[in-house]
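Colleague: Taking numbering that gives the first Met the number 0, the leading residue of the sequence shown gets 0, the next gets one more, and so forth. Just so you know, even glycine gets a beta-carbon here, dropped at the ideal spot from N, CA and C. These numbers come from a predicted model, not from an experiment. One structure coming up, written as structure tokens, with questions to follow.
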Amino acid sequence: MTRRRLARTFWLGAAALLVAAALVAIVALLRGELTDTDAHILLTLGVLFVTGAAALAGLALVDSGRQTLVGWTVAAVAPVELTVLVYWIWSGSEGDDTISRLGTTTLLLLVGQVAIVTQLLLLSNRRLLALVLATDILVVVAVGGAITALWTEPDDTLWAKLLAAAWILAALGWFLLPVLQRFTAAGAPPDERVLDELDGVELVATRASAGIDVRLARGERLLLRRR
């Protein structure tokens with residue numbers, strides 16, 4: 000099965016999960032109450048969707064040829080995170096601090112991975128690479144600091160303020176990337192780049208509206224060939 004077919008299968012599964020979640024919610028409303036089992040099912044569906052999205056984002060990063068190690072790591076860790084989170088949801092050990100902290104730690108790691116991978120996937124302007132690196136560092140600091148605070152419970156107001164600042168700056172950097180890329184693309188001149196030439200015919204990459212808009216499938220490349 001190719002990655003494209005795998006991706007299509009996942010999104011079809013995601014749609015089915017959303018339908019199942021809606022049905023569970025409707026049944027709960029008709030019964031007039033939301034039982035613990037209903038809540039566990041909804042949480043499990045949500046966790047399955049997020050971890051699946053993280054795994055596919057990692058595979059997409061591998062396909063792009065950028066930061067393949069990061070992509071493979073996220074894709075490989077996602078099933079482990081899913082297992083831990085599902086156990087946390089269904090264990091029924093609300094009073095067990097260790098299980099609760101382990102589940103929260105896994106959730107924080109998942110959030111950090113999704114933030115980092117989506118930043119790398121969104122990056123199309125190399126001039127904004129420094130922003131992406133700074134944002135990723137802030138995400139690591141914020142997630143690492145939150146996990147440390149979760150397990151050590153420091154009684155320090157300054158620590159909490161620094162941690163909150165790291166999360167705010169990380170979110171700012173994450174949202175700034177698509178905004179700045181749109182801004183720079185809007186102000187950039189319609190430059191051209193000659194990719195190849197054959198008998199006086201040039202294959203040109205351009206931002207101008209003229210020309211043929213060719214949408215290539217993943218893995219496809221343009222070739223010049225003499226018949």
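If you follow the alpha helix (DSSP H) that S99 is part of, which residue opens it and which one closes it?
Modeller: Element bounds for S99: D96 to L121.
Colleague: Report the three-state DSSP secondary structure of A216 (helix, strand or coil).
Modeller: coil
Colleague: When you measure from the CB of L42 to every non-hydrogen atom of the ligand MG, does any distance come out below 7 Å?
Modeller: Looking at this structure, you won't find the ligand MG or any other ligand, since it has none at all.
Colleague: Give me, in chain order, the residues of the same chain whose beta-carbon lies closer than 8 Å to that of V142; leave out the 5 immediate sequence neighbours on both sides.
Modeller: Cβ within range, chain order: L107, L108, V110 and G111.
Colleague: Given this structure, state the Cα-to-Cα distance separating G102 from V49, to the nearest angstrom.
Modeller: 14 Å
Colleague: Considering only their Cβ atoms, is the gap separating A148 from W158 smaller than 8 Å?
Modeller: yes
Colleague: Please state whether the Cβ-Cβ distance between I98 and L42 is less than 8 Å.
Modeller: no
Colleague: What does the alpha-carbon distance come out to for the pair R220 and L137?
Modeller: 36 Å
Colleague: Do you know how far the Cα of L162 is from the Cα of G144?
Modeller: 6 Å
Colleague: Cutting at 8 Å between CB atoms, please list the residues of its own chain near A133, excluding the five before and the five after it.
Modeller: G172
Colleague: Whose CA, out of Q118, R125 and F174, lies closest to the CA of A56?
Modeller: Q118
Colleague: Taking C-alpha atoms, which residue in L11, A77, D37 and V116 lies nearest to S63?
Modeller: The residue with the shortest Cα to Cα distance from S63 is V116.
Colleague: Beta-carbon separation of A38 and A54 under 8 Å?
Modeller: no
Colleague: Measure the alpha-carbon distance for D135 versus L176 and round it to whole angstroms.
Modeller: Computed Cα separation, rounded: 12 Å.
Colleague: Can you tell me where the alpha helix (DSSP H) holding E152 begins and where it ends?
Modeller: Counting along the chain, E152 falls outside any alpha helix (DSSP H), and DSSP gives it neither H nor E.
Colleague: Hey, out of D96, T105, T151 and R65, whose CA is closest to L122's CA?
Modeller: Taking only the C-alpha atoms, the option nearest L122 is R65.
Colleague: Just how far apart, CA to CA, sit R181 and L127?
Modeller: 12 Å
Colleague: When you compare each of L22, G51, T105 and N124 to L179 by their alpha carbons, which one comes out closest?
Modeller: N124
Colleague: Tell whether a beta-carbon distance below 8 Å holds between E80 and T105.
Modeller: yes
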